[in-house]
Structure formats: structure tokens, C-alpha cells
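For what it's worth, the numbering used here labels the leading residue of the sequence shown as 1, then goes sequentially.
The beta carbon of each residue, even a glycine, is placed where N, CA and C say it ideally should be.
Input: a single structure, listed below in C-alpha cells.
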Amino acid sequence: MLIPPVSAADAADRERAAIAAAADQVAEILEDIAADPNLSDEERGPLLEALQAQLETMRDPNITLDEALATLSEVEGTLSEQAEMAQSEIEEQQAAEDAAANALGQGREAAPGQSLQEQIESFEQSLGQTTDEQLAQAADALENAADALEQTHPEAAQALREAAQALREGDREAAAEALRRAAEQAGQSAAEQTQRAQQQQSMEERAQQARTAQEEAAESSSEPAAFSRPEEGPEGLGDAQDGAPRRGHVRPAGQRGRDRR
């Protein structure tokens, strides 16, 4: 039985269908980005603009498969870049918080695994046991923590500096008030960092979605080769016609004699 090769028209139709399916995936990604609560308006705008342009390219009726694959690669790159930016910010913030927590813990006993907010709250609670002679050392610790947070947590850094200044002036009450503000700011930063981690994960998932769409579209251009296969009857019969000797079948001697007559 001959299986005919796929015609050029059939192959083109399948490629068009694959491109359309991939474009639908890009449209779905765009809708997800538009509704993503983990993105700020400043982040969402450029992403939507880039994805919309890429979707329009995918919807072009004259686009070739190679062009569609290249566009899908761009979609993946756009999303991967956003994921990498989020991851970089997470790492930068975590490094700053670790440095600040280390500064606050100098000369003090701190519970392992405390967050920056908990470290600041613990520092504020310890002021009642801090002697006048230790106030300068405590102020230095707050200044060092503020330096570590200056770039990533400016509001918390400012509150820590105010607390340090209050301690240098001997005003424990004002220092405690400033530390409470710093702790609140650190708590808000922790929530933002959690949100950033969720954004990073969702961007990676969408980049993988674009990568999968690209792979599936690429598969549409590969075709199995045509081949022929003879129809086979029962074993040993082959394709012989009725009345003709069949392979592996010998007529009785008497029958052969009658055939000659």
C-alpha cells in the first residue's frame, strides 16, 4: 500500500495552523501580563508594548514559519529578561538586608533566622537595657545598618539614621519611635520582596510557555517520509493468483501429469 507524500499545500496549511496556535499562546501571555497583580504600572507598560508588537508580527498573514519562530524567541527573551531583573533585585535586596542585620547584631545576641524587621524590633526592645556608655556603640550600629540599606531600602535607612542621631543626643524615646518606623518599612520591603519572587516565578513560567510554543511550531515543518508496503496474505501465500502455483506449495505428481495432457 502506498502512503502518498504530503503535498506542498498540505505542509503549508499545517505550518499556518501551527503559527496560529503559537500566536494564540502569545495572546494568552499578553492577557496574563495585563492582569498580573505582581507588576507595577511602570513594569507592565513596556512589557505589554513589546508583547503587543510581537503578537502583531505573529498575526501577519504573510509571516513565514522561520519568522514566526524568531518572533517566539523574542517573546521568550522579553519574558526571561524580566524574570532575570526580578531575580537580580531579590538578590540585591537580600544582600543589603543581610548586611544590615549583621550590623545590628554586632555585640548583641540575635536569634538565628531573624528577618530584618525582627532584628530592628529586637534592637528597639534592647534599648531599655542599654547603658549610657553603650549608646554611642548602638548609634554606630544603626549608622552601619543604614549605610547597608541606603540603595535598596531608603525609607528604612532614613529612619535608622534618625534613631542613631536620637541616641547620640541621649533621647531614647525618639530613638525607639524612629526604630519602630524603620521596622515598619522593613516589613513593607519584605512583602514587596515576596511579591517580586512571585513575579520572577510567573515570568519564568510564561517564558517556558513561549519556548514550548516555539518547539511545537518548529515540529510542524518535519514530515515522515512516504513509503510503500505490500499487502500480505496468510503466511506462505504471497501475492499468487488463484490457480497458479504458490511459493512453498508443490502439486501432487498425478496432478502435474494431468496438467501436461
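Relative to the Cα of Ala191, the nearest Cα in the group Leu55, Asp13, Ile29 and Asn38 belongs to Asn38.
Straight through space, the alpha carbons of Ala175 and Gln165 are spaced by roughly 8 Å. Minimum Cα-Cα distance from Arg172 among the listed residues Thr131, Ser202, Ser189 and Glu204 corresponds to Thr131. Residue burial annotation: Thr71 is buried, with at least 16 other C-beta atoms found within 10 angstroms of its C-beta. Around the beta-carbon of Gln129, fewer than 16 other beta-carbon atoms lie within 10 Å, marking it exposed. For the options Leu30, Pro154 and Gln125, the alpha carbon positioned closest to that of Arg44 is the one of Leu30. Cβ atoms of Ala68 and Leu48 stay farther apart than 8 Å, at about 20 Å.
Contact annotation, Ala138 with Ala103: C-beta distance approximately 11 Å; criterion of less than 8 Å not satisfied. Taking Leu127 as the centre and dropping the five residues before and after it, the same chain places the C-beta of Arg172, Ala175 and Ala176 closer than 7 Å to its C-beta, in chain order.
Here the alpha carbons of Glu124 and Gln82 stand approximately 38 Å from one another. Separation of the CB atoms of Gln117 and Gly187 is rounded to 4 Å, and the pair is thereby assigned contact status at 8 Å.
With a cutoff of 8 Å on beta-carbon distance, Ala159 and Ala178 are scored as near each other. Remark: C-beta atoms of Ile19 and Leu65 approach each other more closely than 8 Å. A Cβ-Cβ separation of about 7 Å places Ser189 in contact with Gln93 under the 8 Å criterion. Selection Ala99, Ala23 and Ala141 evaluated against Ile63 yields Ala23 as nearest (Cα-Cα). Under the 10 Å beta carbon count, Glu76 is surrounded by 16 or more other beta carbons and is classified as buried. One thing to note: Glu121 has its Cβ within 8 Å of the Cβ of Ala183. With respect to Ala156, Gln200 sits apart: the two C-beta atoms are not nearer than 8 Å.
A Cβ-Cβ distance of about 5 Å is found for the pair Gln106 and Ala141, placing them in contact under the 8 Å criterion. Judged by DSSP in its simplified three-state form, Pro37 adopts coil rather than helix or strand. Of all alpha-carbon atoms in Ala8, Ala27 and Asp36, the one lying nearest the alpha-carbon of Ser202 is that of Asp36. The Cβ atoms of Ala136 and Gln119 do not sit closer than 8 Å to each other.
Straight through space, the alpha carbons of Gln198 and Glu84 are spaced by roughly 13 Å.
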